[in-house]
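Protein chains: 2
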Amino acid sequence: MELTTAEENYLKAIYHLSDGGKKSVSTNDIAAEIRTKPASVSDMLRKLGEKEVIQYRKYYGLQITPLGMRLALQTIRKHRLWEVFLVDKLQFAWDEVHEVAEQLEHIQSPLLIERLDAYLNYPKFDPHGDPIPDAFGDVRSRPRIALNEMGIDQSGQIVAVKDSSPEFLRYLDKVGAYIGARIKVLDKVEFDGSIEILVDQKKNLFMSKEVAKNILILTL
Amino acid sequence: MELTTAEENYLKAIYHLSDGGKKSVSTNDIAAEIRTKPASVSDMLRKLGEKEVIQYRKYYGLQITPLGMRLALQTIRKHRLWEVFLVDKLQFAWDEVHEVAEQLEHIQSPLLIERLDAYLNYPKFDPHGDPIPDAFGDVRSRPRIALNEMGIDQSGQIVAVKDSSPEFLRYLDKVGAYIGARIKVLDKVEFDGSIEILVDQKKNLFMSKEVAKNILILTL
DNA sequence: AAATTAAATTAGAGTTATCTAAAAAATAAA
DNA sequence: TTTATTTTTTAGATAACTCTAATTTAATTT
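Heads up: the sequence lines are chains A and B, in that order. Heads up, the numbering used here is the position in the first sequence plus 550, with the first residue counted as 1. Heads up, the numbering used here is the position in the second sequence plus 550, with the first residue counted as 1.
And the structure:
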């Protein structure tokens, strides 16, 4: 089964929006994610249906097939491995990698990915803390909750971010919140959901709910 | 100036076939090189002419413009840097790199290429001995002649190969002819142009003219 | 110089992916 | 439960790249 670059991008978007096949996804959602028009999405869904990577009944909705799942995970694996390469080997900052990885993920060469994986020492997570599927598509995911859902005095470790936009990542750099940091919730403001945390037992950090929602924590 | 992947491939082919803008190139030659039909080439030449990367007068021929030269060299630079990466870092054999580099060369990211170049320690030649243009498109080319053009008793060093097909490169691996090897011409057969050489002062090697033509030597 | 052959180009059509505008179906509201 | 709204799909165009078949131009041969 061979997918075009566009098809891979749609499938990846569907995988992400459906949270790995769990939630249902709308045509409009996909259009927004891919930054295209709903009409284009409809057309592509028909094609993806014909290729049997999704099961599609028009007006009703879609479901990723096991084949589609496998292919989506393959693309995600490639994307995240390239991100690790860019950060670990080429000194990219974590907010600079997405766009380039978006291109690199479409390179077709199983040998290349095998070798890259080995060269990087079989990393389990990308620079944003997202798990890298192995060659069989298996994902070692850690149970994690958004920072805004933690209670006062609860402790944990930042393991990933939900939003990977350069704007958000640069903000985190600025305030010193990085993946791996130990944190403890000091206070929560009921009114607006903002939160105060202690980072690495030495630095107080105050942030809005909007920010906290995009920081994922492994609780201790 | 932005070129599509297809345009980059055509421009690269034109650059190679014209020997860097020296020789004239025919529509048929380009079609053969790109493995496409002459009709497609005509169409593309018109487009490349409009984009002013070549000067094109139909039925007469074409000439690369300085702009086209710069863009072609940029693509070649990327191709060869990726080849070095694949061989030096990912343990690819020199006959396995071409196809993958053909894809990687189209990744658009100036930062990526800068960083890759630095990471590889600013290599001057790719695994086949071809010079890598620097960021300004300057090429440090060495004067070199084909092995079949050398005279008896002449010595030199293998610096590059003309043919980069897996078949040819694997043959060279098998007989122990590698880039960097010191060689000396022991005998030449007038009848068929075949040649006998001494490799690294210890190994005798007999080869056809067809093979010798594709081995490039830096004479001492 | 006319006729033949070879090379290059145009015409017309197909594929992939996109769009706008219009129509159809499903959902929400009155 | 009819009406209104939102969502989704189809219809028809466009752009990039390719092809086959037909035509035009250039080069060769007689």
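Here a beta-carbon is modelled for each residue, glycine too, at the ideal position from N, C-alpha and C.
- About 6 Å separates the beta carbon of B/Ile767 from that of B/Ile708, a gap short enough to meet the 8 Å contact definition.
- Ranked by how close their Cα comes to the Cα of B/Asp667, the residues A/Ala710, A/Gln641 and A/Tyr606 have A/Gln641 in first place.
- For B/Ser590, the enclosing alpha helix (DSSP H) has its first and last residue at Pro588 to Glu600.
- At a cut-off of 8 Å between C-beta atoms, B/Gln653 counts as an interface residue with respect to chain A.
- Setting aside the 5 residues that flank it on each side, A/Leu748 is surrounded in the same chain by Ile733, Lys734, Leu736 and Asn754, each with a C-beta closer than 7 Å to its C-beta; the list follows chain order.
- For B/Lys752, no Cβ of chain A is located within less than 8 Å of the residue's own Cβ.
- A check of alpha carbon separations from B/Ala563 across B/Leu670, B/Asn671 and B/Met594 identifies B/Met594 as the nearest.
- A/Phe635 and B/Gly571 have their alpha carbons spaced roughly 37 Å apart.
- In the DSSP annotation of this structure, the continuous segment of the alpha helix (DSSP H) that includes B/Tyr669 starts and ends at Pro660 to Tyr669.
- With a 10 Å radius around the Cβ and a threshold of 16 neighbouring Cβ atoms, A/Pro660 comes out exposed.
- Neighbours of A/Tyr669 in chain B, taken as residues at a C-beta separation under 7 Å, are given in chain order as Lys639 and Leu640.
- DSSP assignment within the stretch 698 to 737 of chain A yields the following whole alpha helix (DSSP H) runs of 4 residues or more, N-terminal first: 716 to 725.
- For the stretch 688 to 704 of chain A, the set of positions with a beta-carbon nearer than 9 Å to some beta-carbon of chain B is empty.
- Comparing alpha carbon positions, the residue from B/Gly730, B/Met619, B/Gly726 and B/Gln605 closest to B/His678 is B/Gly730.
- Per the coordinates, the alpha-carbon of B/Asp723 lies some 34 Å from the alpha-carbon of A/Glu633.
- Of the candidates A/Ala643, A/Ala556, A/Leu623 and A/Ile765, the residue whose Cα lies closest to the Cα of B/Leu662 is A/Ala643.
- Under a criterion of Cβ atoms nearer than 9 Å, the residues of chain A adjacent to B/Ile657 are, in order, Val650, Gln653, Leu654 and Ile657.
- Restricted to the stretch 607 to 645 of chain A, the alpha helix (DSSP H) segments that are unbroken, complete and at least 4 residues in length are 616 to 638, listed in chain order.
- A Cβ-Cβ separation of about 26 Å leaves A/Asn671 out of contact with A/Lys712 under the 8 Å criterion.
- Listed along chain B, no residue sits closer than 8 Å to A/Leu719 by beta-carbon distance, the nearest being about 16 Å off.
- For A/Lys674, the secondary structure class from DSSP, reduced to helix, strand or coil, is coil.
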